[in-house]
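Q:
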Amino acid sequence: MELKDKTVIVAGVGKSGIAAANTLINRQAQVFLYDKKEESEISEEVRNMISDWNIECFWGKIPEKSRKFDYMVISPGIPLDEDIAVFGRENCGEMLGELELAYRLSKGNYIGITGTNGKTTTTSLVGEILERGGRETFVVGNIGSPVVEAAEKSTDDSWFAAELSSFQLETVKYFKAKVSAVLNVTPDHLNRHKTMEAYAGAKARVFENQTKDDYFVVNMDCEASWKLAGKCPAKVVPFSRKEILDFGCYVRNENIVIKDESGEEKIVCGCGELQIPGAHNLENALAAAAMCYFSGVEIPVIAEGLRAFEGVEHRIEFVSEIEGVKYYNDSKGTNTDASTKAIEALKRNIILIAGGYDKKEDFGPFVKNFDGRVKHMYLIGVTAPIIAEACDKAGFKNYTFKENMEQCVQSAYDMAEEGDTVLLSPACASWGMYNNYEERGRHFKECVKALGGK
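Start counting the sequence shown at 1284; every next residue gets the next number (this note's numbering).
1) Under three-state DSSP, which class holds Pro1521?
2) At what residues does the alpha helix (DSSP H) containing Lys1676 begin and finish?
3) Taking Glu1739 and Thr1420 to be in contact with their CB atoms under 8 Å, please state how far apart those CB atoms are, rounded to whole angstroms.
4) Taking Ile1396 as the reference, give the member of Val1369, Ala1460, Met1378, Ser1349 with the closest Cα.
5) Quick one: residues in its chain with C-beta nearer than 6 Å to the C-beta of Arg1310, no 5 flanking neighbours on either side, listed in chain order?
6) For Thr1704, count neighbouring C-beta atoms within 10 Å of its own C-beta (all shown protein chains included) and say buried if the count is 16 or more, exposed if not.
7) Quick check on Ser1449: buried or exposed, where buried means 16 or more other Cβ atoms within 10 Å of its Cβ?
8) Ignore the nearest five residues each way along the sequence and tell me which others in Met1698's own chain have a CB closer than 8 Å to its CB.
9) By alpha-carbon positions, which one of Val1657, Gly1639, Asn1652 ends up nearest to Asn1632?
10) Kindly indicate the opening and closing residues of the beta strand (DSSP E) around Cys1552.
11) Nearest to Lys1525 by alpha carbon, out of Val1356, Lys1518, Val1534?
12) Using three-state DSSP, classify Gly1724 as helix, strand or coil.
13) Could you say if the segment 1686-1701 and the segment 1559-1567 meet the contact criterion of at least three C-beta pairs nearer than 8 Å?
14) Which whole-angstrom value is the C-beta distance of Gly1607 and Gly1702, which I expect to be below 8 Å?
15) To which residues of the same chain is Ala1621 closer than 6 Å at the C-beta, ignoring the five residues directly before and after it?
16) Hey, Leu1382 and Tyr1354 are a contact pair by Cβ (cut 8 Å); roughly how many whole angstroms apart?
17) Between the C-alpha atoms of Val1314 and Arg1387, what's the straight-line distance to the nearest angstrom?
18) With a threshold of 8 Å on Cβ separation, who are the neighbours of Gln1451 within its own chain once the five nearest residues in sequence on each side are excluded?
19) Taking C-beta to C-beta, are Phe1684 and Leu1707 nearer than 8 Å?
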């Protein structure tokens, strides 16, 4: 992709936008920036960086219709029906996302991982296994490191373990993974995608450019995911926690097993050897094992990686034990399905902290899983009254409204008895109260740490 002297407007100055702009400048493109925020609302760190670049910026306003650009690189957080996206389609030679830009600039092989839940854990696990196999590995994407930053360092022998959101996949055109995966599809981001069909369709774009020489790893136990397999041009590799398969990755006699095209069963390791709790994490391990095996990693290396992996920050992360009460940070639980799995993994005697940004989810099924597990819930954020309404309908009355995280943690500490678990698993995005789920999780951990002296 030749970028020298090309005019490129980058829409959105978040992490991926800034990374894209920096790469474009290094490639000698003529770069422009847009953000719907006013300049005064942009962080000082970003403003200083942009000042050093000495480029034209459009703060809080769309460029005039007379302006034309060769490309627009649009950040994944910008819905494609916003005015700036309309401008991009009408006034730019091509509009693409940071993932697509990175793909065109990179070398090597991609393992593209998407799904509603489990992406971060599975991507981290795949990255660890690839590294143990001696490969040059970049763990990138929605996991926190923009793909385009690694693209500049890649070689023909590089492997990208890429966590890909539906937002990132909406703007792909040529992106092609050697191995792709859909872990699961449950309701999420319906405020943006509007329907489950559109949401699943965005996820399915992870495999649209694959061929019969590539592999698609998919959760056979998830009906919505399995339904997508019929549209996939690649070799479909199912994984299942519940079924014995003729081909794929599954559980037999409490062992993780892979059966490839030869029909031979290959035992990877025992399910009990995993250090990450919960049935959902067993599914993540099955998916990771399948992806790595069909990427050419040897079984002993896969087994070593599965046994060693201790999980990721903000996903059922053990924080502390205070006076016989355990505290867990599951800030990555940004939808009801993720938080339900965290509750199921920790079993019972849970004091739950939930609530946040409203993504238009139905909280009814989420609340129904409280029975016998959640003894009390503290609610914060815009969704607090919405979740409370679902609780009332389900007959669950043990909830209390709080204004902030400090109040939630202190009240949970006051209520908790020895043997209880305090769990932050919001079932909602963090926007409105925090910049991202990482910031929310770190704040929770700081609040817990402050209890240590009490």
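Glycine included, every Cβ here is placed at the ideal spot set by N, Cα and C.
A: With the given structure in hand:
1) As a working mapping, residue 1521 is identified with position 238 in the sequence shown. Note: Pro1521 maps to strand in three-state DSSP.
2) For the purposes of this step, residue 1676 is identified with residue 393 of the sequence shown, where counting begins at 1. Start and end: 1667-1677.
3) Shown here, the chain extends from 1284 to 1737; a query on residue 1739 therefore has no answer.
4) As a position in the sequence shown, residue 1396 is number 113, starting the count at 1. Of the candidates Val1369, Ala1460, Met1378, Ser1349, the one whose C-alpha sits nearest the C-alpha of Ile1396 is Ala1460.
5) Taking the first residue of the sequence shown as position 1, residue 1310 is located at position 27. Excluding residues within five positions, the ones whose Cβ falls inside 6 Å are Leu1286.
6) Mapped onto the sequence shown, residue 1704 falls at position 421. So Thr1704 ends up on the buried side.
7) For the purposes of this step, residue 1449 is taken as the residue at position 166 of the sequence shown. Result: buried.
8) Taking the first residue of the sequence shown as 1, we reach residue 1698 at position 415. Only Ile1634, His1659 meet the Cβ criterion.
9) Numbered from its first residue, the sequence shown carries residue 1632 at position 349. Per the Cα distances, Val1657.
10) Start at 1 with the first residue of the sequence shown, and residue 1552 comes out as number 269. Per DSSP, Cys1552 is one residue of the beta strand (DSSP E) stretching across 1548-1553.
11) By one-based count along the sequence shown, residue 1525 stands at place 242. The residue with the shortest Cα to Cα distance from Lys1525 is Val1534.
12) As a working mapping, residue 1724 is identified with position 441 in the sequence shown. Reduced to three states, the DSSP call for Gly1724 is helix.
13) no
14) Here residue 1607 corresponds to residue number 324 of the sequence shown, with the count starting at 1. Here residue 1702 corresponds to residue number 419 of the sequence shown, with the count starting at 1. Contact holds; Cβ gap of about 6 Å.
15) The sequence position of residue 1621 within the sequence shown is 338, counting from 1. Correct list, in chain order: Asn1400.
16) Residue 1382 sits at position 99 when you count from the first residue of the sequence shown. Residue 1354 sits at position 71 when you count from the first residue of the sequence shown. Contact flag wrong, Cβ pair sits at about 14 Å.
17) Stepping through the sequence shown from its first residue, residue 1314 is reached at position 31. Stepping through the sequence shown from its first residue, residue 1387 is reached at position 104. Taking the straight line from one Cα to the other gives about 18 Å.
18) By 1-based counting over the sequence shown, the position of residue 1451 is 168. Pro1359, Gly1380, Glu1381, Leu1382, Gly1424, Asn1425, listed in sequence order.
19) On the sequence shown, residue 1684 is found 401 positions in, with the first residue counted as 1. On the sequence shown, residue 1707 is found 424 positions in, with the first residue counted as 1. Contact flag unset, no.
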